[in-house]
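Data first, discussion second: the structure below is written as structure tokens.
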DNA sequence: TTAGCGCTTGAATCCTCGA
DNA sequence: ATCGAGGATTCAAGCGCTA
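Residue numbers (our numbering), protein chains in the order written: chain V, 2 to 291; chain F, 2 to 291.
Next up, the structure:
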């Protein structure tokens with residue numbers, strides 16, 4: 002069913018491991034880095050006032066490995082410190098533009114089920130930023146792949162969710178929408194907007210899912226074709242790389258936490274559907290190409 | 002039904018007219034200034050690269066007139082220039098923090114009906130920023146005033162989403178977000194989130210309303226009580242001041258375009274419901290206190 | 001009373017053309 | 001070159017009118 006897909010996972014510090022990746026070789030980067038002072042237990046935490054300083058060299062490497070026609074999607078949200086929203090995300094955008102990145106767009110992930118809580122001076126935070134950066138003004142974008150039925154964006158997301166196989170088949174011939182369209186005959190299709198209204202992942206695995214699978218899936222459909230390469234420099238539990246693989250794309254994941262790395266590694270090994278390929282360069286335990 | 006409400010409107014340049022307003026006298030500022038390079042016909046337009054420079058002195062005056070317990074809500078969205086989102090909004094936030102403003106929160110206005118269009122490199126822009134600034138960490142906030150009934154959506158499964166969307170659509174009577182609260186007495190109420198899902202008003206006959214009336218209404222309920230004072234330094238067609246007045250609040254509006262000013266002035270005169278009061282200080286045609 | 005169908009209208013963005 | 005004006009594209013909501 003799947004086109005041949007190759008998953009490469011790298012264990013180690015993101016900035017270092019990125020050096021293994023050739024220039025201009027990645028079509029899409031989708032990632033959700035650790036937020037400032039978040040996930041201290043797993044990542045050690047990055048102080049809010051050091052965040053730009055920490056991320057800037059990584060952003061520079063990402064720019065190097067991305068193809069000129071490629072896109073970088075950065076999922077991030079500033080936390081509240083001393084009653085204020087921190088400004089490190091804005092400072093990061095300004096810094097990345099200094100590096101030569103183009104800040105093309107800011108998508109909003111509107112979370113349907115936001116984290117519960119009650120504070121006297123603010124409401125629940127129900128959205129996150131999805132920043133789109135590019136190297137060039139002209140980049141690859143396949144808008145037809147994410148079209149939705151008229152007037153009901155949410156419903157279409159559900160359909161895609163429950164019928165992933167069909168979606169995968171559709172992407173193959175590039176002619177449009179194959180089987181799914183049959184459900185929507187008589188209804189016009191329209192392009193979506195820059196607001197993604199999705200639920201958060203509420204599966205009860207013990208690891209933190211950075212974002213719901215639909216999120217990387219949507220951007221993978223929008224910005225890549227089969228055979229393209231997707232990179233997630235903060236792989237975590239592997240949401241992005243597995244989504245990419247099952248959509249017939251090649252995937253590269255980098256993860257610094259051994260537990261996550263091993264978990265993804267073993268999950269790759271047990272996946273029956275993947276057409277896998279051994280690679281000669283698998284010479285160290287840090288490089289696992291399946 | 003309404004408490005006694007006083008509307009004061011000032012004709013002239015915003016930065017100048019603000020000097021007439023005493024220190025620490027306003028409970029809430031809700032405004033939507035002209036965006037960069039927009040509305041040139043009525044406002045002359047402000048260049049994107051001069052936007053911060055233009056707005057900074059206004060922000061300083063707004064800080065002066067706002068009570069320590071008050072809140073400033075700024076509706077704004079950066080435009081696309083040469084394929085990129087402009088950065089002047091982020092630079093403005095950083096500048097305002099330099100002035101001593103606290104950037105407490107960023108609400109999202111998720112527009113149901115965004116402007117149509119089709120481009121090869123981006124989708125329709127369907128959201129705007131609602132930036133909340135404060136002078137102090139402790140500020141007045143009446144969260145109960147904007148509580149919404151628990152819909153089935155809160156505990157529903159995904160398949161119910163289309164129905165709930167319909168239910169949530171009837172935000173028409175202005176009594177709140179969503180439905181008339183009185184219909185829901187006895188049901189559980191919950192707090193909203195920081196994403197406001199509203200339609201733009203595109204059916205005004207003569208003039209464009211900056212934003213739908215529900216928007217200022219919601220913030221007026223959230224941040225003020227009856228008898229408080231709301232300021233809109235870019236009054237436009239008066240959406241905010243009329244909403245404030247009908248909610249039993251005092252309102253101050255500043256407008257530089259004479260046509261808008263006169264329109265609001267005459268509309269105030271013909272409104273039967275307002276308990277109005279003449280003021281001695283109405284000595285020039287530029288100051289109209291009703 | 002509700003439902004359904006046209007018509008109208010936008011805080012948009014890109015591209016082309018002319019001064 | 002640069003800049004401004006104008007055309008083409010596009011879709012959800014709301015209004016007003018019939019059955």
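The C-beta atom is built at its ideal place from N, Cα and C for all residues, glycine as well. Quick caveat, the model's predicted, so the values are computed rather than measured.
Pull out every residue of the segment 113 to 131 of chain F whose Cβ sits closer than 8 Å to any Cβ of chain V, in chain order. 115, 119, 121, 122, 123, 124, 125, 126, 127 and 128
So which residues on chain F does residue 103 of chain V lean against when the C-beta distance must stay under 8 Å? Going along chain F in sequence order, the residues near residue 103 of chain V (Cβ under 8 Å) are 84 and 85.
Cβ-based contacts, 8 Å cut-off: residues of the segment 217 to 250 of chain F near chain V: Here the close residues number zero.
Apart from the five residues on each side of it in sequence, which residues of its chain come closer than 6 Å, Cβ to Cβ, to residue 252 of chain F? 8, 231, 242, 245 and 246
Inter-residue Cα distance where the pair is residue 97 of chain F and residue 57 of chain F: 7 Å
According to DSSP, is residue 149 of chain F part of a helix, a strand, or is it coil? strand
If you follow the beta strand (DSSP E) that residue 260 of chain F is part of, which residue opens it and which one closes it? Careful: residue 260 of chain F lies outside any beta strand (DSSP E), inside the alpha helix (DSSP H) at 259 to 271.
Are there 16 or more other CB atoms within 10 angstroms of the CB of residue 151 of chain F, so buried, or fewer, so exposed? exposed
Tell me, please, whether the segment 88 to 97 of chain V touches the segment 113 to 126 of chain F by the rule of three or more beta-carbon pairs shorter than 8 Å. no
Can you find the residues in the same chain that come closer than 8 Å, C-beta to C-beta, to residue 143 of chain V, ignoring five residues on each side of it along the sequence? Same-chain partners within the cutoff: 222, 223, 224, 225 and 226.
Looking at the structure shown, is residue 83 of chain V part of a helix, part of a strand, or coil, going by DSSP? DSSP, reduced to helix, strand and coil, places residue 83 of chain V outside both helices and strands of the structure shown, so it counts as coil.
Could you tell me the boundaries of the beta strand (DSSP E) in which residue 77 of chain F lies? 67 to 77
Count the other CB atoms within 10 Å of the CB of residue 204 of chain F; is the residue buried (16 or more) or exposed (fewer)? exposed
Beta-carbon proximity list for residue 70 of chain F, same chain, < 6 Å, skipping 5 on both sides: 140 and 141
Taking all protein chains shown into account, do 16 or more other C-beta atoms lie within 10 angstroms of the C-beta of residue 120 of chain V, making it buried, or fewer, making it exposed? exposed
How about the segment 67 to 81 of chain F and the segment 57 to 67 of chain V: do they share at least three Cβ pairs that are nearer than 8 Å? no
Just to confirm the assignment, what range does the beta strand (DSSP E) spanning residue 105 of chain F have? 103 to 112
Leaving aside the five residues before and after residue 148 of chain V along the sequence, list all residues of the same chain whose C-beta is less than 7 Å from its C-beta, in chain order. Leaving aside the five residues that flank residue 148 of chain V on each side, the residues in its chain whose CB is nearer than 7 Å to its CB run, in chain order, 190, 191 and 192.
Could you check how far apart the C-beta atoms of residue 10 of chain V and residue 220 of chain V are, in whole angstroms? I think they sit under 8 Å. Residue 10 of chain V to residue 220 of chain V, Cβ: 20 Å. No contact.
Cβ pair residue 109 of chain F, residue 73 of chain F closer than 7 Å: Their beta carbons are not under 7 Å apart, which means residue 109 of chain F does not touch residue 73 of chain F by this criterion.
Pick from F/122, F/133, F/127 and F/131 that is closest to residue 145 of chain V, judged by C-alpha positions: F/122
Are residue 236 of chain V and residue 215 of chain V touching if we call contact CB-CB under 7 Å? no
Find out if the Cβ-Cβ distance for the pair residue 131 of chain V, residue 76 of chain V is shorter than 7 Å. yes
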